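Student: Those protein sequence lines, which keep their order, are chains Y and C. Residue 120 in this note's numbering sits at position 113 of the first sequence, and the numbers go up by one each step. Residue 178 in this note's numbering sits at position 46 of the second sequence, and the numbers go up by one each step. The beta carbon of each residue, even a glycine, is placed where N, CA and C say it ideally should be. Here the structure is a predicted model, which is why all the values come from computation and not from measurement.
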Amino acid sequence: EAQVTQNPRYLITVTGKKLTVTCSQNMNHEYMSWYRQDPGLGLRQIYYSMNVEVTDKGDVPEGYKVSRKEKRNFPLILESPSPNQTSLYFCASSPGLNYNSPLHFGNGTRLTVT
Amino acid sequence: QKEVEQNSGPLSVPEGAIASLNCTYSDRGSQSFFWYRQYSGKSPELIMFIYSNGDKEDGRFTAQLNKASQYVSLLIRDSQPSDSATYLCAVIYWEYGNKLVFGAGTILRVKS
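Structure below.
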């Protein structure tokens with residue numbers, strides 16, 4: 008089944024404890040992206056990747072890191088999480104950012120930082 | 133700053149009515165537009181996309197694009213309670229590389 012898999016689904020952690028949220032897609036998509044979603048603010052892009060070894064900042068990259076060492080995986084790293092990073096996170100992929108290539112979303116990761 | 137604006141709602145319509153959701157965008161160079169539906173706590177799922185002026189129909193859904201006025205809308209005919217969700221408009225901006233920007237979404241409530 009074609010899908011984007013995020014893990015974990017739920018995560019509660021403490022301030023400053025490094026964490027990684029994994030994202031993997033099995034559709035051979037070139038484009039991958041991370042979003043955070045907060046009430047009233049919609050989906051805001053954190054980082055995106057147009058292809059392997061190519062990553063770029065989105066609108067809210069501060070406090071996050073990503074890597075794209077292989078096409079299928081695009082992990083999101085929080086080196087020193089803070090309470091303002093408590094949010095619902097989505098990973099998404101598409102064949103490319105083209106006029107007819109919609110995003111496929113993972114099921115989301117709800118992160119709470121205390 | 134590329135912007136996509138949506139009325140946050142909630143938009144309430146009775147069951148069986150037509151729901152009309154609107155989205156405006158800031159860049160005339162934008163070429164492609166997507167509508168996603170998101171149930172509470174779930175991931176967004178694609179309803180349809182449109183890139184040519186005019187209407188595009190898919191079942192009970194019709195997307196309308198007017199590039200001169202910079203708006204795109206989604207009509208839902210024969211609205212059902214199961215259509216109650218948040219509807220997200222997304223626009224691809226081509227300038228300085230492709231960039232996909234989401235609106236904050238409109239909450240739709242269909243009352244039975």
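Give a yes or no on whether 8 Å exceeds the smallest Cβ distance from Y:Asn33 to chain C.
Tutor: In the first sequence, counting from the first residue as 1, residue 33 of chain Y sits at position 26. With 8 Å as the cut-off, Y:Asn33 does not count as an interface residue toward chain C.
Student: In the structure shown, what three-state DSSP assignment does C:Pro102 receive?
Tutor: There is no way to answer for residue 102 of chain C, as the model of chain C reaches only from 133 to 244.
Student: Please list, in chain order, the residues of the region 102-114 of chain Y that have any C-beta partner in chain C closer than 9 Å.
Tutor: The residues in question are Gly103, Leu104, Asn105, Tyr106, Asn107, Ser108, Pro109, Leu110, His111, Phe112, Gly113, Asn114.
Student: Just mark Y:Leu83 as buried or exposed, buried being the case when its beta carbon has 16 or more other beta carbons within 10 Å.
Tutor: Residue 83 of chain Y sits at position 76 when you count from the first residue of the first sequence. By the neighbour-count rule (16 or more Cβ atoms within 10 Å), Y:Leu83 is buried.
Student: Mapping DSSP to helix, strand and coil, what is C:Gln163?
Tutor: Here the question's residue 163 of chain C lines up with position 31 in the second sequence. Coil.
Student: In or out: Y:Gly23 buried (at least 16 other Cβ within 10 Å) or exposed?
Tutor: Start at 1 with the first residue of the first sequence, and residue 23 of chain Y comes out as number 16. By the neighbour-count rule (16 or more Cβ atoms within 10 Å), Y:Gly23 is not buried but exposed.
Student: By the 7 Å beta-carbon criterion, what residues does the region 39-63 of chain Y contribute toward chain C?
Tutor: Per Cβ criterion, the list reads Gly47, Leu48, Gly49, Leu50.
Student: Does C:Ala245 pass the burial test, meaning 16 or more other C-beta atoms within 10 Å, or should it be called exposed?
Tutor: This structure gives no information on residue 245 of chain C, because the portion of chain C shown stretches from 133 to 244.
Student: If you follow the beta strand (DSSP E) that C:Trp226 is in, where does it begin and where does it stop?
Tutor: Translated into positions along the second sequence, residue 226 of chain C becomes position 94. Here C:Trp226 belongs to no beta strand (DSSP E), and DSSP marks it neither H nor E.
Student: Assuming the contact rule is C-beta atoms closer than 8 Å, C:Asp210 and C:Gly161 should be a hit. Round their C-beta distance to whole Å, please.
Tutor: For the purposes of this step, residue 210 of chain C is identified with residue 78 of the second sequence, where counting begins at 1. For the purposes of this step, residue 161 of chain C is identified with residue 29 of the second sequence, where counting begins at 1. Their Cβ separation, rounded to whole angstroms, is 35 Å, which puts C:Asp210 and C:Gly161 out of contact at 8 Å.
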